[in-house]
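The opening position of the sequence shown corresponds to residue 71 in this note's numbering, with each subsequent residue numbered one higher. Built from N, CA and C at the ideal position, the CB exists for glycine as well. Everything below concerns the one structure shown next.
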Amino acid sequence: MKRTRFALVSLLSAVALALAVESVAAQPSTTAELINELNLKLLYVAVPITLLVEVILLYTVLKFRNNDSPKPTRENRRLEITWTIATAIILLFVGVASYGVLANPDVTYLEEPGAEAGPSEGDVVVRAEAFQWGWEMSYPRENVTSGTNIVLPQGQDVYIQVTSRDVIHAFHVPEMGLKMDAFPGKVQTIKTTPLETGEYQGYCAEYCGVAHSQMYFTVEVVPQDQYQQWLQEQRQSQQGGGDGGNESAGGNGNQSADGNESGGNASASVNAPPALLALAN
Ligand SMILES: [Cu+2]
71 MKRTRFALVS
81 LLSAVALALA
91 VESVAAQPST
101 TAELINELNL
111 KLLYVAVPIT
121 LLVEVILLYT
131 VLKFRNNDSP
141 KPTRENRRLE
151 ITWTIATAII
161 LLFVGVASYG
171 VLANPDVTYL
181 EEPGAEAGPS
191 EGDVVVRAEA
201 FQWGWEMSYP
211 RENVTSGTNI
221 VLPQGQDVYI
231 QVTSRDVIHA
241 FHVPEMGLKM
251 DAFPGKVQTI
261 KTTPLETGEY
271 QGYCAEYCGV
281 AHSQMYFTVE
291 VVPQDQYQQW
301 LQEQRQSQQG
311 GGDGGNESAG
321 GNGNQSADGN
331 ESGGNASASV
341 NAPPALLALA
351 N
C-alpha cells in the first residue's frame, strides 16, 4: 500500500513540476510558442504516467508469472479514492492548460463583433487566396500583391485572411504553428506575431487536385525597417498597374516573377500544363 501511495505522490509531484516549467527555446511565432509550450507541458504529464503504468505492468508480470491460483484483490476504499482524485487533478490540469491555449486569439481568432479587437493601425493584414493550383498573396491595406511570397515584420501583429477562389484548400505553415482551411466565398483569419526572422515553408494542406503537391509558398520574417523598405519597393514597382492589373497577380498559372529582393524563391506558383487542367475538369 505504501508503495502505491509513493508512486501516486511522485506522479503528482511530476505534474506540479510541469506547471512550473519554464518556456521553451525561442519560437518562430507567438502561435508556435503557445502550441509547443502546451505540448511540452502535456509531455511532462504523460511521460510519468507511461512510466508508472509500464513499471506496474512489468512488476506484476514478473511477480505473478508462476502463480496458478491468484487471489482476487480485496476492496480498498482509500486506494480507490486516491486514484480517483489523482486522475481528476491530472485531467483538470490537461483541460485547463489546453483550453487556455485553444481560446487564445493567436490560436483561434474569432471575428465576432466586439469579441476581439480587430487589426489596429500598425498591424499587418495579408490576404492569402488559394486557387487550383497556387497562391496569390496580397496586402489589401497597401494595395500590393506579392505572388507566392509573404513578407512579415518581426514583432508586429499580423492578420492573415485565408480564402479560396475555387475548391477547398488549406493554408499551413508548420514551423510557425499556422493552419487554416481556405473555403471559397468565406474568409477566415489567422492572428499571430512573428518572433524570429527567417524563411518558413508553407503549403496547401488539403488535397485539391492533381497539382496539389506543388502548392508551396514562403513566409519571410524580416526586421521592421526591412519590411517597410520591401513594402515601399513593391508599391513603386506595382504603381502603374493599379489594383489587380499588375504583372504578379495574373489569374491562372501566374509566375510571380517580380524580381523582388527576396530572390531565390523556389516556390513559384504552379504553371499547370493544359493536359492537367483538362484532367481536372
Ligand atoms: Cu490546395
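Just verifying my parser: in three-state terms, what is the DSSP assignment at Leu265? Coil, per DSSP.
Taking the DSSP output, what are the residues bridged to Leu222? Per DSSP, the beta bridge partners of Leu222 are Val291.
Just how far apart, CA to CA, sit Ser208 and Ser168? The alpha-carbon atoms of Ser208 and Ser168 are separated by roughly 33 Å.
Give the range of the beta strand (DSSP E) segment to which Tyr229 is assigned. Judged by DSSP secondary structure, Tyr229 falls within the beta strand (DSSP E) whose first and last residues are Val228 to Ser234.
Within a Cβ cutoff of 7 Å, which residues of the same chain sit near Leu104, ignoring the five residues on either side of it in sequence? These residues qualify, in order along the chain: Val171, Asn174, Asp176 and Val177.
Gly279: beta carbon under 8 Å from a heavy atom of ligand 1? Yes, the Cβ of Gly279 comes within 8 Å of a heavy atom of ligand 1.
DSSP-derived helix/strand/coil call for Ala102: Under the three-state reduction of DSSP output, Ala102 falls in the helix class.
Would you say Pro98 and Gly268 are within 9 Å of each other, going by their C-beta atoms? Yes; because the gap between Cβ atoms is below 9 Å, this pair is in contact.
Three-way DSSP call (helix, strand, coil) for Phe134 in this model: Here Phe134 sits in coil by DSSP.
Pop quiz: Leu222 and Val195 are said to be a contact at Cβ under 8 Å. What is the actual Cβ separation, rounded to whole angstroms? A Cβ-Cβ distance of about 11 Å is found for the pair Leu222 and Val195, leaving them out of contact under the 8 Å criterion.
Tell me whether the beta-carbon of Thr233 lies closer than 9 Å to the beta-carbon of Ala198. In this structure, Thr233 sits near Ala198, with a CB-CB distance shorter than 9 Å.
Do three or more CB pairs link the segment 210 to 217 to the segment 296 to 306 at distances below 8 Å? When C-beta atoms of the segment 210 to 217 are compared with those of the segment 296 to 306, three or more pairs fall below 8 Å, so the two segments count as touching.
Hey, is Ala240 close to ligand 1, as in C-beta under 8 Å from one of its heavy atoms? Indeed, a heavy atom of ligand 1 lies less than 8 Å from the Cβ.
For Gln352 and Thr288, I'd like the C-alpha separation in whole angstroms. Residue 352 lies beyond the range of the chain shown here (71 to 351); nothing can be said about it.
Report yes if the C-beta of Met246 is less than 8 Å from at least one heavy atom of ligand 1; otherwise report no. Not so, every heavy atom of ligand 1 lies at least 8 Å from the Cβ.
Out of curiosity, what's the CA-to-CA distance linking Ala342 and Gln258? Low per-residue confidence applies at Ala342: pLDDT is 47, beneath 50, and the placement is therefore not dependable enough to give any value.
Under 8 Å from any heavy atom of ligand 1, does the C-beta of Trp300 make it? Trp300 Cβ: outside cutoff for every heavy atom of ligand 1.
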